[in-house]
Amino acid sequence: MEKFHISGGKPLAGTVHIGGAKNAAVAIMPAVLLADEPCTIYNIPYIDDVIILADILEEVGAKVSLNSGGCAVIDGSSVTCNKAPYDMAKRMRASYYLLGVLLGKFGEAEIPLPGGCEIGARPIDQHIKGFEALGAKVDIEHGVVKARADRLVGNEIYLDVVSVGATINIMLAAVRAEGSTTIVNAAKEPHVVDVANFLNTMGARVKGAGTDTIRIKGVDRMNGCEYTIIPDQIEAGTFMIAAAATGGDVVVADVIPKHLESTTAKLLEMGMEVIEGDDYIRVRGIRKPRKVNIKTLPYPGFPTDLQQPISVLCSIAKGTSIITESLFDHRFRHVEELRRMGANIKVEDRVAIVEGVDALTGALVSATDLRAGAALIIAGLTAQGVTEVENIHYIDRGYEKIEKKLSAIGADIRRLKDGENLLKVISSNIAVR
Ligand code: UD1
6 MEKFHISGGK PLAGTVHIGG AKNAAVAIMP AVLLADEPCT IYNIPYIDDV IILADILEEV
66 GAKVSLNSGG CAVIDGSSVT CNKAPYDMAK RMRASYYLLG VLLGKFGEAE IPLPGGCEIG
126 ARPIDQHIKG FEALGAKVDI EHGVVKARAD RLVGNEIYLD VVSVGATINI MLAAVRAEGS
186 TTIVNAAKEP HVVDVANFLN TMGARVKGAG TDTIRIKGVD RMNGCEYTII PDQIEAGTFM
246 IAAAATGGDV VVADVIPKHL ESTTAKLLEM GMEVIEGDDY IRVRGIRKPR KVNIKTLPYP
306 GFPTDLQQPI SVLCSIAKGT SIITESLFDH RFRHVEELRR MGANIKVEDR VAIVEGVDAL
366 TGALVSATDL RAGAALIIAG LTAQGVTEVE NIHYIDRGYE KIEKKLSAIG ADIRRLKDGE
426 NLLKVISSNI AVR
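So this is what it looks like as structure tokens:
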């Protein structure tokens, strides 16, 4: 198992370029299968989730050419299979988008219940409710979701919870349904808008994405296209927080600052300097952060995916911060690891009470999920001494070349191969578990 070896205490400085949005890419790639022609997608992040998804698409019969330069050419015209392979689909959450896509394309789909990060119960009842409203019969048998419809017919669907996944999945099926579909209480995340824009570029008729009511008129046929994915607001937010936590001065470039307003607002509240340009945000950690209260909410609220990273900043802030996680029930699993580094955090149900300490100290810690891993990297960058982060396969699922991007702005971080060990060298600095 690989791990990251970090010597902390160095302020980050320079410019970091942000890649394409993971959560848009993992929906847009399967969405290509709705078209009868190939699509060329630019700004695709070269991360493990995308690589696994490319394999899944090939397994169902698509032709995929994916390169590390951020471009994918996908041709779904040869797809005849409506089932996703069990092992692969279990490995990633977004495999559930094949349900909407294959149901829209063939009127039939069989997809294993999705895997992904274990951050709490992640039901898909709202996806199923949407498919059923469009006329599908949906059953779950032996861990596989089976959806079938003689005809998909548009309908009005009210989501009981604001769900990114359900909003996108229902859109994917509804673009090929007969007549009009309305999704009420839809998610408004930038990647929901990006998927809608992509579908429209392929010839769909989706209106209202980015508001809580999305209207879709079904079309018979969709065409190939070229499309560029939006920047990843979570990767950008991660670097913004890392800049602040290390007392650095970082230009986070190639972003849409509007997508990061809630993160910017919290960093300003904590006393950081944040300057917005047209397509960049500069963050300067000019003082010890001040305490802050944060509640995660659907967009445009503070994103749950940045809750774990910003908890690191709170852990070295002056005063006591309160963090309320309102979306997922197990998203404080990183706290135990932060405690090894000297953080003073109490968790009560979905609330973390974070009493700021002077500094964190390096330790051997383990990522428990993707964003927990990002949080531990930030903790290692700000800590005194050496930190090693294990289980980094979680981090590779969602961050492209994170150690290279961090090294380029002054971090001392190395990826250690399986078996490679610097523990001897660092034994005087590292707290052994
Ligand atoms: C997506 C993102 C994930 C992010 C999350 C919230 C992808 C691949 N993942 O996950 O990074 O953390 O949005 O912004 O895009 N819910 C139900 N029933 C459902 C669906 C969801 O009760 O059918 C609940 C969930 O348990 C959760 C809330 O709704 O409490 C939001 O979940 P959702 O927006 O669906 O998250 P994901 O699409 O899984």
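So in my numbering, spot 394 of the sequence shown is number 399, and the numbers just go up one at a time.
Ideal Cβ positions, reconstructed from N, Cα and C, are used throughout, including at glycine.
If you're wondering where the values come from, they're calculated on a predicted model, not measured in any experiment.
Can you give the Cα-Cα distance for residue i and residue j, rounded to whole angstroms?
i    : j    : result
Y47  : T269 : 27 angstroms
M207 : N87  : 21 angstroms
K68  : A322 : 50 angstroms
E64  : E330 : 37 angstroms
G215 : K193 : 4 angstroms
A357 : P195 : 27 angstroms
P262 : T251 : 21 angstroms
K351 : L58  : 37 angstroms
S82  : P90  : 19 angstroms
G411 : A154 : Before going further, note that residue 411 is Leu rather than Gly in the sequence given. When rounded, the distance between both Cα atoms is 49 angstroms.
V166 : P303 : 10 angstroms
R438 : M346 : Caution applies to R438, whose pLDDT of 38 falls short of 50 and renders its modelled position unreliable; the value that the coordinates give is listed next. Rounded to whole angstroms, R438 to M346 spans 11 angstroms at the Cα level.
V21  : A241 : 9 angstroms
S267 : I315 : 12 angstroms
V340 : V394 : 14 angstroms
A436 : R344 : Confidence is the limiting factor: at A436 the pLDDT is only 45, short of 50, which leaves the residue's position unreliable, though a coordinate-based value still follows. So the alpha carbons of these two residues sit roughly 12 angstroms apart.
S320 : A379 : 15 angstroms
T186 : V288 : 42 angstroms
E425 : N396 : 14 angstroms
G223 : L365 : 54 angstroms
S326 : E274 : 12 angstroms
A348 : N298 : 17 angstroms
K151 : D144 : 5 angstroms
Quick one: what's residue i bridged to in DSSP?
i    : result
N72  : C76
N349 : E360
L369 : E393
G81  : DSSP output for G81 lists no bridge partner at all.
S12  : V391, D417
C86  : Paired residues: none, contrary to the question.
S331 : Answer by DSSP bridge pairing: none, since S331 is not bridged.
D254 : A18, R289
I219 : I188
I162 : I188
K323 : R295
D144 : K151
A114 : A152
Looking at the unbroken alpha helix (DSSP H) that takes in residue i, where does it start and where does it end?
i    : result
C230 : Counting along the chain, C230 falls outside any alpha helix (DSSP H), and DSSP gives it neither H nor E.
G105 : 102-111
S185 : No alpha helix (DSSP H) holds S185; the beta strand (DSSP E) holding it covers 185-189.
T172 : 169-179
A30  : 27-36
Y399 : 398-401
D60  : 53-64
E42  : No alpha helix (DSSP H) contains E42, which DSSP labels as neither H nor E.
N48  : Neither: N48 is in no alpha helix (DSSP H) and is coded neither H nor E.
T269 : 266-274
F203 : 195-206
Within this structure, are the beta carbons of residue i and residue j separated by less than 8 angstroms?
i    : j    : result
L311 : P294 : no
A368 : T392 : yes
K110 : L39  : yes
A416 : V255 : no
G361 : K296 : yes
L386 : A247 : yes
D374 : D53  : no
A178 : L108 : yes
V359 : E342 : no
I239 : P308 : yes
R338 : A388 : no
I407 : I383 : no
Considering residue i, what are the terminal residues of the beta strand (DSSP E) in which it resides?
i    : result
G19  : 18-22
K422 : That residue, K422, is in no beta strand (DSSP E); it is neither H nor E in DSSP.
E281 : 278-281
V211 : 210-212
CB-CB under 7 angstroms to residue i, same chain, minus the five flanking residues each way: which ones, in chain order?
i    : result
V200 : A29, A32, I33, A36, I173, M176
R156 : G140, E183
Y101 : I116, P119, I129, H132, G170, N174
D80  : P43, A67, K68
D237 : I23, G24, G25, A26, K27, P50
E161 : T187, V189
L272 : M245, A249, V279, V288
Using beta carbons (cut-off 8 angstroms, strictly below), is residue i in contact with chain C?
i    : result
N174 : Structure shown: chain C not included; a single protein chain is present.
For residue i, collect the residues of the same chain with a Cβ closer than 8 angstroms to its Cβ; drop the 5 residues on either side in sequence, then sort them by chain order.
i    : result
N434 : Any answer about N434 is weak, because its pLDDT of 49 lies below 50 and its placement is not dependable; what the coordinates show is given next. Excluding sequence neighbours, N434 sits near G367, G390, V391.
Within its chain, find whatever has a CB closer than 6 angstroms to the CB of residue i; leave out the 5 residues flanking it on each side and keep chain order.
i    : result
E281 : P262
C76  : Y47
H264 : P195, Q238
T218 : V189
L71  : A59, A77
I291 : E278
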